[in-house]
Each structure stands twice: as C-alpha cells, then as structure tokens.
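In my numbering, the protein residues as written are 25 to 296.
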C-alpha cells in the first residue's frame, strides 16, 4: 500500500484533495457561516493562481517534496535515520514536527517584510471561503517547497510521512478557509486539537493584531504554545471585514495584479 502511494504520490494527493475540495464547496453552500456571494470570476482567479504556481514549480523543480524525501531516504540522510522505531510512531512524530516547521514558516511570512510582500497576495482576498485556501503566489509556493526540502533533509522524514503531511497540509488549507458553519459545541472541541474555519478566519481580519495571529495550519497547539492565539475576532465572525484595506479595489483583485503584487511597495504598516 505504501509503495503504491509513493509511486503514484501525485495522483493520490490530487484525488484526495480534489474530493475534499468538492465536498467543502457543497458543504459551505448548504451550511454557510457568513453566506457571502462569491463570484465565479473570483473563484476562477484563485484556482488559476494555484494552477500557475503548480506549472512554475513543475518547470523550475524536477522534484516534489515526496521525490526529495525518496532521495534523502536512499542516502540515509537526516536525524530520523539514526532510530529504528515503529512506523506509526515515526509517522506521528514526522507530522507533528513538519507542522511545527510550517507554523514558523507562516509566522515568518508575517514578520519579515520581504516575505510579507509575497504572502500578502493570500491576504488581499476580501472574502473567506474554500478557494481562498488555493490563493498563494507562485513565489510563496516555491519558497515553501525549498523550506520543506531543508526540513526533510535535516530530519530524514520518510517519503510516506511526507506524502501524508502534504495531503493533510492541502486538506486543512481548504478546510480552514471554508465558509462552513460548525455547531458551536463541536467547534469548541475541534479547536482544542486542529485549526477550524472560525479559528483561522480571525487571521484574515483587517485588524493587524488579528492578522498577525493564529498561524497554525493543522494543529492549534502551536498558537497556544507560542502565544499567537486570538480566540475570537473583535467584530464578530459575521460582521468582521476580511482582507487588507489598501487592496480592496477590483483592479487589485485581478490575476495580473496578484502576480505582480510582491514587487509593489509594502504598505504593511497601514493595516489597522
């Protein structure tokens, strides 16, 4: 089973993530949290951005994260290769450590000005629904992949563990951005362990103290541990404004504008 998944890592990941994307699109139509109308043009723009990123990555890099993990495994590079432990334990540790690494990657994207210029493409969207989980600049995707390569090489993460986390990363990027109503009791329970849409929506607030919080992707532990958690938005989930004030015009939302946004002047400090 593991061998099949690794050999067909791309199609397996695409099939699972595609299925989740379809389910979440339907679920947020049936049980919306905010219920904002999202135009087809906006959704196609977000999907188009991730397709462009995928094409650029394919042209620039000959390896995926799973492919790189295979090379690392063949050469027995990394910390984990010094231990002989059960598969389940190694998988759990790998997912936790990779998620911690992605937490800090996300946090640095907000702290370092040159990284924020790239990452703000994700934050310029004025709506919060599932396709926002696809809205990342190609430069961010490339930098994230190089960063994951470094973590994989340092730890010696097994290819199957990398594949599992890559699937979880993509699935939770979609789930945490979905305009999905989860009953309050269940939402409170879930957020003790994983990132929920209500948890992550705070991160897309126009208020800077809220934008610079709730960085987690999969586990909510890291925001609690490193004191970057804001439990609820000050304006309430239904009334809060999403995005960045300086990029609300339609011209700022066009695909071409999003692609050149990282080279435009940084107006990070203008956030409320």
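We treat Cβ as the ideally placed atom computed from N, Cα and C, and that holds for glycine. Since this is a predicted model, take the numbers as computed values, not measurements.
Contact set for residue 123: own chain, Cβ-Cβ below 6 Å, skip 5 residues either direction: Against the chain shown, residue 123 aligns to sequence position 99. Once the five neighbours on either side are set aside, the close Cβ partners of residue 123 are 242, 243.
Backbone secondary structure at residue 263 - three-state DSSP: Taking the chain shown and counting its residues from 1, one reaches residue 263 at position 239. Residue 263: coil per DSSP, three-state reduction.
Span separating the alpha-carbon of residue 273 from that of residue 198: In the chain shown, residue 273 corresponds to position 249, counting from 1. In the chain shown, residue 198 corresponds to position 174, counting from 1. One C-alpha to the other measures close to 25 Å.
Cβ contact (3+ pairs, closer than 8 Å) linking the region 231 to 242 and the region 85 to 94: Result no; under three Cβ-Cβ pairs closer than 8 Å.
Of the residues 78, 50, 152, the one placed nearest residue 263, counting alpha carbons only: Working through the chain shown from its first residue, we reach residue 263 at position 239. Closest by alpha carbon: 152.
Other residues of its chain near residue 157: CB distance less than 6 Å, five sequence neighbours each side excluded: In the chain shown, counting from the first residue as 1, residue 157 sits at position 133. For residue 157, where only same-chain residues beyond five positions count, the Cβ hits under 6 Å are 197, 198, 201.
Identified DSSP bridge partners for residue 243: If you number the chain shown from 1, residue 243 lands on position 219. Paired residues: 218.
Sequence-distant residues of the same chain with beta carbon closer than 7 Å to residue 150, five excluded per side: Residue 150 sits at position 126 when you count from the first residue of the chain shown. For residue 150, the CB contacts under 7 Å within the same chain, skipping 5 residues up- and downstream, are 266, 267, 272 in chain order.
Which listed residue (228, 120, 246, 105) has its alpha carbon closest to that of residue 215: The count along the chain shown starts at 1 and reaches residue 215 at position 191. The residue with the shortest Cα to Cα distance from residue 215 is 246.
Secondary structure of residue 168, DSSP reduced to three states: Indexing the chain shown from 1 puts residue 168 at position 144. DSSP places residue 168 in helix when its eight states are reduced to three.
Helix, strand or coil at residue 252 according to DSSP, with G and I counted as helix: Working through the chain shown from its first residue, we reach residue 252 at position 228. Three-state DSSP puts residue 252 in coil, outside helix and strand.
At least 3 beta-carbon pairs within less than 8 Å: the region 68 to 78 vs the region 218 to 227: no
Close beta carbons around residue 130, own chain, < 6 Å, minus the five adjacent residues each side: Here residue 130 corresponds to residue number 106 of the chain shown, with the count starting at 1. 239.
Same chain, Cβ closer than 7 Å to residue 105, five either side skipped, listed in chain order: What you label residue 105 is simply residue 81 of the chain shown in a count that begins at 1. 180.
Between the CA atoms of residue 116 and residue 64 - distance to the nearest angstrom: Here residue 64 corresponds to residue number 40 of the chain shown, with the count starting at 1. Here residue 116 corresponds to residue number 92 of the chain shown, with the count starting at 1. Spanning the two alpha carbons is a distance of roughly 39 Å.
8 Å Cβ shell around residue 134 - same chain, five flanking residues per side excluded: Locating residue 134 in the chain shown gives position 110, counting from the first residue. These residues qualify, in order along the chain: 140, 143, 235, 236, 239.
CB contact flag (residue 121, residue 186, <9 Å): Taking the first residue of the chain shown as position 1, residue 121 is located at position 97. Taking the first residue of the chain shown as position 1, residue 186 is located at position 162. Not closer than 9 Å, so no.
Neighbourhood of residue 45 by C-beta, 6 Å cutoff - its chain only, sequence neighbours within 5 removed: Walking along the chain shown from the start, residue 45 turns up at place 21. By the criterion of a C-beta distance shorter than 6 Å, residue 45 is surrounded in its chain by 198, once the five residues flanking it on both sides are discounted.
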